[in-house]
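Asks: Right, I'll just put the structure down here and ask away after.
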Amino acid sequence: MMYKITRKLIFFITSLLLVFSLIMAFLFSLLFTRHTMDFHKNDMERRVVAIAENFSQFMESGTVTPSMGMGMGMKGRMGGFMPYLNVIDDIAMSDVWIVDENEQLVIRGQGMSFNYKDLPDTAEEVLQKVFQGEIAFSESFSGVLGASTLTVGAPVKDSTGKIIAAVLLHAPIEGMESVTANGLNILALSTIIALILAFGLAILFSLKFVKPLQKMNQTASELIEGNYLAKTGVQQKDEIGDLATTLDVLSQRLQEASLESEKLEQSRRDFISNISHELRTPVTVLRGSLEALNDKVVSDPEKVAVYHQQMLAESIFLQRLVDDLLSLTKLQNPDFKMDMQKLNFTEVLQDVTRSMRTVAEKKQVRIQLENPFDTLPMTGDYGRLRQMVMIVVDNAVKFSPESGEVKLLVNCTKGTCQLDVTDEGKGIAPEQMAHLFERFNRNSDESNRSGTGLGLAIANEIAHRHGLSLSANSEPGKATTFTFRFKLEKSGISF
């Protein structure tokens, strides 16, 4: 199938070659005709000069006498070299005339002669130039000769340099035109052959030019169908190659976007599944407790009080779950604005330590803050940073044994600081480490009954929004350390 662009390219290339050939033919015809005429003029000039010199020597040899021909004077002398003039005609393959010095008598080969007055008026100009010693060209003798003729004249001089006669050499223009016509015929034939070959090459070139475009069109069609793995396979160092590369990059980006979309869709499904699972348990407990109370299954005041406490605990859990979901959703929204301002991170750590010591006292867990820096300048949302550190410290207290210790250690080097929060818990299993900061990733340990599985995900989002990095290192059966790394703002503090 030949596409429109292929036909256009073939038409364009062929038209270009045709116009080029016509221009070349016109220029060739013009220049070749001029060259042919100049060549014949030079050749005739060379021959007429040779004839004039030879004729001069012939006359100076003294072999011509009045008795040899037509009487006294020029006419008598001419008769003596008439055989010679016939030979010159045959050798020169042209018509040779001799005009005497008085411009009265014209002698031709084959014994022909006529008076000067029989010549056309324009012939006088040519003869005047010749008798002035010039080489003259003219086409004015065509009427006398009965055909288009080019004439060249040359003076005949004696030994003293005196002009004694004029030689006129006539050559038919028809011969020159035939040479030009033959040249043009050869050019026309060559042009036709060249156009035929060029037409074939134009087809091949056009098909080769269109082939990568067809591949790109096919790739684009596959991309429309959703096959983002399609590639053009075109590698050229030109604009078409650049376009193909751009299309391949687009294919790659679409594939990445498709995978990301699938990942987000899977994440959405997982989220719905997880939130449904997290809501099912407290809702089931609440409904069961309410049904038992409503149906008077439980009537003992002490048991009723237990049911009320359980319902309150489940409602508190639901409220925490909803609050955490809202917080996480806000933090994951790029348009959510936080109250960013300059602050001292040391104050954040001190605030968290004071608040968590009250919680830790219930398990007799000690919270130790080791921060040798009075000022740790940075820009952030004080409330969110406090929430971030408190989530990690709360987890550390939650999983620490009674009478254990949670240590907060700050180290800074060249403007970069590191906060390590270390507990003395049972550690985290390696298979859980990879999903530690994902939503609803919750330890089923008895000590984590009130956890929603969203705390570390929230802490990680807060750290990300502040340009901090949050990582964890744990050994099963030993301590777990959560590490925050962040840069300080320049404030003249040296470490």
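Position 485 of the sequence shown, counted from 1, bears residue number 485 in full-length UniProt numbering, the numbering being contiguous throughout. We put the CB at the ideal spot given by N, CA and C, even for glycine. Being a predicted model, the structure only gives us computed values, none of them experimental.
With a threshold of 6 Å on Cβ separation, who are the neighbours of Gly73 within its own chain once the five nearest residues in sequence on each side are excluded?
Replies: Note on Gly73: pLDDT 43, under 50, position unreliable in the model; no value is reported.
Asks: Go to His170, then tell me how far its beta strand (DSSP E) extends in each direction, as first and last residue.
Replies: Segment Ile163 to Pro172, the beta strand (DSSP E) holding His170.
Asks: Along the chain, where does the alpha helix (DSSP H) containing Ile98 start, and where does it finish?
Replies: It is not in any alpha helix (DSSP H) - Ile98 instead sits in the beta strand (DSSP E) that spans Asp95 to Asp100.
Asks: Would Phe137 pass as a contact of Thr149 if the rule is Cβ separation under 8 Å?
Replies: The answer is no: Cβ separation not under 8 Å.
Asks: Would you report the Cα separation of Glu446 and Ala472, rounded to the nearest angstrom?
Replies: Its pLDDT being 49, under 50, Glu446 is placed unreliably in this model, and the coordinates cannot settle the point.
Asks: With a CB to CB cut of under 7 Å and the five nearest residues on each side skipped, what residues in its chain are close to Leu376?
Replies: Counting only Cβ-Cβ distances below 7 Å, and skipping sequence neighbours, we find Asn344, Phe345, Thr346, Cys417 and Leu488.
Asks: Give me the residue from Ile135, Leu31, Gly288 and Phe39 with the minimum Cα distance to Ala50.
Replies: Nearest C-alpha to Ala50: Ile135.
Asks: With DSSP as the reference, label Ile13 as helix, strand or coil.
Replies: Residue state, collapsed to three classes: helix.
Asks: Could you tell me if Met390 is buried or exposed, where buried requires 16 or more neighbouring beta carbons within 10 angstroms of its beta carbon?
Replies: By the neighbour-count rule (16 or more Cβ atoms within 10 Å), Met390 is buried.
Asks: Could you tell me the alpha carbon to alpha carbon distance between Val308 and Val283, rounded to whole angstroms?
Replies: It is His, not Val, that sits at residue 308 in the sequence shown. Near 14 Å, if we compare the C-alpha coordinates of Val283 and His308.
Asks: Here's the rule I'm using: 16 or more other beta-carbon atoms within 10 Å means buried, otherwise exposed. How should Asp300 be labelled?
Replies: Counting Cβ neighbours within 10 Å, Asp300 comes out exposed, since fewer than 16 surround it.
Asks: Taking all protein chains shown into account, do 16 or more other C-beta atoms lie within 10 angstroms of the C-beta of Asp38, making it buried, or fewer, making it exposed?
Replies: Its Cβ having fewer than 16 others within 10 Å, Asp38 is exposed.
Asks: Out of Phe199, Leu16 and Ile462, state which residue places its alpha-carbon closest to the alpha-carbon of Tyr382.
Replies: Of the candidates Phe199, Leu16 and Ile462, the one whose C-alpha sits nearest the C-alpha of Tyr382 is Ile462.
Asks: Between which two residues does the beta strand (DSSP E) containing Asn411 stretch?
Replies: Run containing Asn411: Glu405 to Thr413, per the beta strand (DSSP E) assignment.
Asks: Could you have a look at Asn344 and say whether DSSP puts it in helix, strand or coil?
Replies: Correct three-state label for Asn344: strand.
Asks: Whose CA, out of Asn227, Leu247, Met356 and Leu279, lies closest to the CA of Leu259?
Replies: Comparing Cα positions, the closest option is Asn227.
Asks: In or out: Val322 buried (at least 16 other Cβ within 10 Å) or exposed?
Replies: The residue in question, Val322, is exposed, as its Cβ has fewer than 16 Cβ neighbours within 10 Å.
Asks: Am I right that Lys398 and Gly477 are in contact with their C-beta atoms under 8 Å? What's the rounded C-beta distance?
Replies: The Cβ separation is near 17 Å, so there is no contact.
Asks: Let's see if you can read the secondary structure: which residues bound the beta strand (DSSP E) around Ile367?
Replies: Note, Ile367: beta strand (DSSP E), Arg366 to Glu370.
Asks: Whose CA, out of Gln255, Thr422 and Leu454, lies closest to the CA of Glu225?
Replies: If we check each option's Cα against that of Glu225, Gln255 comes out closest.
Asks: Verify whether the separation of the beta carbon atoms of Leu169 and Arg47 is less than 8 Å.
Replies: Against a cut-off of 8 Å, the Cβ pair of Arg47 and Leu169 comes out as a contact.
Asks: What distance in whole Å lies between the Cβ atoms of Phe28 and Leu187, which are believed to be in contact at a cut-off of 8 Å?
Replies: Right, their Cβ atoms sit about 6 Å apart.
Asks: Counting pairs of Cβ atoms below 8 Å between the region 322–338 and the region 358–370, do you hit three or more?
Replies: With a cut-off of 8 Å, the region 358–370 and the region 322–338 do not count as touching, because too few Cβ pairs lie within range.
Asks: Can you find at least 3 beta carbon pairs, one from the region 400–419 and one from the region 427–435, that sit closer than 8 Å?
Replies: No, they do not touch.
Asks: Do you know offhand how far Lys8's Cα is from Thr33's?
Replies: Each residue's Cα considered, the two are about 37 Å apart.
Asks: Go ahead and label Ser289 buried or exposed: buried means 16 or more other beta carbons lie within 10 angstroms of its beta carbon, across all protein chains shown.
Replies: Ser289 should be labelled buried.
Asks: Identify, in the order they occur along the chain, each residue of the same chain with its Cβ nearer than 6 Å to the Cβ of Ile240, setting aside the five sequence neighbours on each side.
Replies: Here the set comprises Pro212.
Asks: Between the alpha carbons of Ala396 and Glu438, how many angstroms are there, rounded?
Replies: Near 18 Å, if we compare the C-alpha coordinates of Glu438 and Ala396.
Asks: Check the DSSP bridge columns for Ala136 and list the partner residues they point to.
Replies: Paired residues: Gly153.
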